[in-house]
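Visitor: Next up is a structure, given as structure tokens.
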Amino acid sequence: MTLGKGLNFIPTDKISRTNIMKDFKKFERKLRLKHFFHEYKTIPKTNHPFKEKSKFSVPIIGDNPIEQYIFHTKMELSNYKPNKTKNMTKEETQCLRTLRHIETITIHKADKNNITVVQNKKDYANEGERQLNDGIHYIEIPEINIKNTMNKINEIVYNMNKDNYLDEITFKYIKYENQYITTPFAYFLPKIHKLDNEILKDIYKQQTELKYKYQQGQSFHNATVL
Numbered sequence: 011m012t013l014g015k016g017l018n019f020i021p022t023d024k025i026s027r028t029n030i031m032k033d034f035k036k037f038e039r040k041l042r043l044k045h046f047f048h049e050y051k052t053i054p055k056t057n058h059p060f061k062e063k064s065k066f067s068v069p070i071i072g073d074n075p076i077e078q079y080i081f082h083t084k085m086e087l088s089n090y091k092p093n094k095t096k097n098m099t100k101e102e103t104q105c106l107r108t109l110r111h112i113e114t115i116t117i118h119k120a121d122k123n124n125i126t127v128v129q130n131k132k133d134y135a136n137e138g139e140r141q142l143n144d145g146i147h148y149i150e151i152p153e154i155n156i157k158n159t160m161n162k163i164n165e166i167v168y169n170m171n172k173d174n175y176l177d178e179i180t181f182k183y184i185k186y187e188n189q190y191i192t193t194p195f196a197y198f199l200p201k202i203h204k205l206d207n208e209i210l211k212d213i214y215k216q217q218t219e220l221k222y223k224y225q226q227g228q229s230f231h232n233a234t235v236l
């Protein structure tokens, strides 16, 4: 039932008043910027796609409706008591903790229908190796030097900037300088196949028998053994 909620399900976490105030601080900056630059809102402006976000903060000057709203909202948030209602039971929470510490399995989604798959890590790794070594879709690189490749790319970027093919904003965005270099990861999604009707009939029959015995008062543990 826990995994049946899907991988996009987010358990209710403890709400921290500190995090709420951090979020509101970002919001109040946006409010001040809107109020500060409202006179220029009709001027058309095209932002550069690679321009870094500005860290400019509007100075607090005078008393205005925006500042009054910010002040009173902060007062309300300081007295706010978060709702402690959780969207998971204690058993489901414990189940997630247990699954998180099992190192022999991997949990991921299937290729379609938003199905959650629990798979043995060895089987997952073996299937990944099989796909990578099929000689059709992937080619093995005998030797790879990421740093050397980065230097070659950087040389091309600098030459393009020198020849005025790149403006300064684009150049600063795509050049490599003291950036952390890492190799990409490969992820594989299991393909779900429909079972034969005969196999499905046996599964439905077993489920019906277990449900019947459980309803008759027999413990679930004994029913599953039978």
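The opening position of the sequence shown corresponds to residue 11 in the numbering used here, with each subsequent residue numbered one higher. We put the CB at the ideal spot given by N, CA and C, even for glycine. A quick note: this is a predicted structure, and the numbers were derived from the prediction, not measured.
Please determine if the region 80-88 and the region 99-108 are in contact, where contact requires at least 3 C-beta pairs separated by less than 8 Å.
Guide: Verdict: no, contact absent.
Visitor: I believe Y134 touches F198 by the beta-carbon criterion, under 8 Å. Please report the beta-carbon distance rounded to the nearest angstrom.
Guide: Right, their Cβ atoms sit about 7 Å apart.
Visitor: For I115, collect the residues of the same chain with a Cβ closer than 7 Å to its Cβ; drop the 5 residues on either side in sequence, then sort them by chain order.
Guide: Same-chain partners within the cutoff: V128, Q129, N130, K131.
Visitor: In the DSSP assignment, find the unbroken beta strand (DSSP E) run with V5 in it and report its ends.
Guide: Lying before the first or after the last residue shown, residue 5 is absent from the chain, which here runs from 11 to 236.
Visitor: Quick check: what's the CA-CA separation for T22 versus L13?
Guide: Going by the C-alpha atoms only, they are around 15 Å apart.
Visitor: How is T126 classed by DSSP in three states: helix, strand or coil?
Guide: Strand at T126.
Visitor: Tell me the DSSP secondary structure of T28 in three-state form.
Guide: Note: T28 maps to helix in three-state DSSP.
Visitor: Go ahead and label G227 buried or exposed: buried means 16 or more other beta carbons lie within 10 angstroms of its beta carbon, across all protein chains shown.
Guide: Only weak support is given to the placement of G227: the predicted model assigns it a pLDDT of 47, under 50, and the question is left unresolved by the model.
Visitor: Tell me the rounded alpha-carbon separation between I298 and V167.
Guide: A question about residue 298 goes unanswered here, because the residues of the chain that appear run from 11 up to 236.
Visitor: Tell me the rounded alpha-carbon separation between A233 and I149.
Guide: Confidence at A233 is low in this model, with a pLDDT of 36, below 50, so the placement of that residue is unreliable and no value is reported for it.
Visitor: Using only the alpha-carbon positions, how far apart do R42 and E178 sit?
Guide: Approximately 29 Å between the Cα atoms of the pair.
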